[in-house]
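Trainee: Numbering (the UniProt record's numbering), first residue to last: 1 to 233.
Please read through the structure below; I'll follow up with questions.
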């Protein structure tokens, strides 16, 4: 009895068909995966609400709600206001430093000039002592440092538009102490002060005049101007 035989080409065809059927799903899955991922939208991360206290300006204006736009406008207005206040304060401090310290006609410079005049006057040196050891300061305070004692001064403008500066301070030397009185006048339309008087009172001695407009006017033959009973040189 003869056994049936199977041809080799038939076996190869069957084998190739089985392999193709098993491989088809793999190719389908391989090409379908990227398509599925591309159709999924990525959600935007949530951000915190913008307020006047946490706004950094990172969020664009067109993405802000009406309330958030109002919050940003409020914050920017506040910042602008603070800049203006800072500029005003800086200008005020600069004006104060100029008028009281750096200006040639400031109270500080006038005080220093008066002290230098005292240190160069031989009459004052005879009573006070060595010029290098003479110090000047303002009214007595609880502060032990002489530099912290304020100089008493008064500034005013009279009816004619003349500016007046009056100062009162103390000088101390190795031999004695004294009290200094100074009155200066800046005539209307002028830019510099002129001495009305500058004198030093030392206990037990006559008053020492370093500047006296009345005496200078008398020496020059000019009669000092009198207004409401007050003489102006």
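Virtual Cβ for every residue (Gly too), placed ideally from N, Cα, C.
Secondary structure at residue 239, three-state DSSP: helix, strand or coil?
Mentor: This structure cannot settle anything about residue 239, because the visible part of the chain is limited to 1 through 233.
Trainee: Would DSSP call residue 168 helix, strand or coil?
Mentor: The count along the chain shown starts at 1 and reaches residue 168 at position 168. Residue 168: strand per DSSP, three-state reduction.
Trainee: Between residue 48 and residue 62, what straight-line distance do the alpha-carbon atoms span, to the nearest angstrom?
Mentor: Sequence index remark: in the chain shown, residue 48 carries index 48 (1-based). Sequence index remark: in the chain shown, residue 62 carries index 62 (1-based). So the two alpha carbons sit approximately 16 angstroms from each other.
Trainee: I'd like to know whether the C-beta of residue 183 is nearer than 7 angstroms to at least one C-beta of chain B.
Mentor: Structure shown: chain B not included; a single protein chain is present.
Trainee: Using only the alpha-carbon positions, how far apart do residue 94 and residue 79 sit?
Mentor: Here residue 94 corresponds to residue number 94 of the chain shown, with the count starting at 1. Here residue 79 corresponds to residue number 79 of the chain shown, with the count starting at 1. If I take the Cα positions, the gap works out to 22 angstroms.
Trainee: Going by DSSP, what residue range makes up the alpha helix (DSSP H) through residue 114?
Mentor: For this step, residue 114 is matched to residue 114 along the chain shown. Here the alpha helix (DSSP H) through residue 114 covers 107-120.
Trainee: Is it the case that the stretch 165-173 contacts the stretch 123-137, given that we only count it when at least three CB pairs across the two stretches are under 8 angstroms?
Mentor: Proximity of the stretch 123-137 to the stretch 165-173 meets the contact definition, three or more beta-carbon pairs being nearer than 8 angstroms.
Trainee: Judging by CA-CA distance, which residue of 155, 138, 77 is the nearest neighbour of residue 105?
Mentor: Within the chain shown, numbered from 1, the residue matching residue 105 stands at position 105. Selected option, being the one with the closest Cα: 155.
Trainee: Quick check on this structure: which residue in 51, 130, 103, 123 has the alpha carbon closest to the alpha carbon of residue 67?
Mentor: Within the chain shown, numbered from 1, the residue matching residue 67 stands at position 67. The shortest C-alpha separation from residue 67 is found at 51.
Trainee: Out of 109, 74, 158, which has the shortest C-alpha to C-alpha gap to residue 188?
Mentor: Position 188 of the chain shown, counted from the first residue, corresponds to residue 188. Answer by Cα proximity: 158.
Trainee: So the beta strand (DSSP E) residue 131 belongs to, where does it begin and stop?
Mentor: Within the chain shown, the letter at position 131 stands for residue 131. Bounds of any beta strand (DSSP E) do not take in residue 131, whose DSSP letter is neither H nor E.
Trainee: By Cβ distance, which residues of its chain are closer than 8 angstroms to residue 27, with the 5 residues on each side in sequence left out?
Mentor: For this step, residue 27 is matched to residue 27 along the chain shown. Caution applies to residue 27, whose pLDDT of 45 falls short of 50 and renders its modelled position unreliable; the value that the coordinates give is listed next. Closer than 8 angstroms at Cβ, skipping near neighbours: no residue.
Trainee: Quick check: the Cα distance between residue 108 and residue 77, rounded to an integer number of angstroms?
Mentor: For this step, residue 108 is matched to residue 108 along the chain shown. For this step, residue 77 is matched to residue 77 along the chain shown. Taking the straight line joining both Cα atoms gives about 40 angstroms.
Trainee: Whole angstroms is fine: what's the gap from residue 129's alpha carbon to residue 176's?
Mentor: The residue given as residue 129 occupies position 129 in the chain shown. The residue given as residue 176 occupies position 176 in the chain shown. Each residue's alpha carbon lies about 7 angstroms from the other.
Trainee: Check whether the Cβ atoms of residue 211 and residue 193 lie closer than 7 angstroms to each other.
Mentor: Position 211 of the chain shown, counting from 1, holds the residue named residue 211. Position 193 of the chain shown, counting from 1, holds the residue named residue 193. Contact flag unset, no.
Trainee: Exposed or buried, residue 180, counting other C-beta atoms within 10 Å across all chains shown (16 or more means buried)?
Mentor: What you label residue 180 is simply residue 180 of the chain shown in a count that begins at 1. Counting Cβ neighbours within 10 Å, residue 180 comes out buried, since at least 16 surround it.
Trainee: Mapping DSSP to helix, strand and coil, what is residue 175?
Mentor: As a working note, residue 175 is residue 175 in the chain shown. Residue state, collapsed to three classes: coil.
Trainee: Short of 6 angstroms in beta carbon distance, which residues of its chain neighbour residue 209, apart from the five on each side in sequence? Order them along the chain.
Mentor: Stepping through the chain shown from its first residue, residue 209 is reached at position 209. Correct list, in chain order: 199.
Trainee: How long is the line joining the alpha carbons of residue 121 and residue 168, rounded to whole angstroms?
Mentor: Taking the chain shown and counting its residues from 1, one reaches residue 121 at position 121. Taking the chain shown and counting its residues from 1, one reaches residue 168 at position 168. The straight-line gap from Cα to Cα measures roughly 19 angstroms.
Trainee: Classify residue 154 as helix, strand or coil using the three-state DSSP reduction.
Mentor: Residue numbering aside, residue 154 sits at position 154 when the chain shown is read from its first letter. Three-state result, residue 154: strand.
Trainee: Count the other C-beta atoms from every protein chain shown that fall within 10 angstroms of the C-beta of residue 83, then say buried if there are 16 or more, exposed otherwise.
Mentor: The residue you call residue 83 lines up with position 83 of the chain shown. Looking at its Cβ environment, which holds fewer than 16 other Cβ atoms inside 10 Å, residue 83 is exposed.
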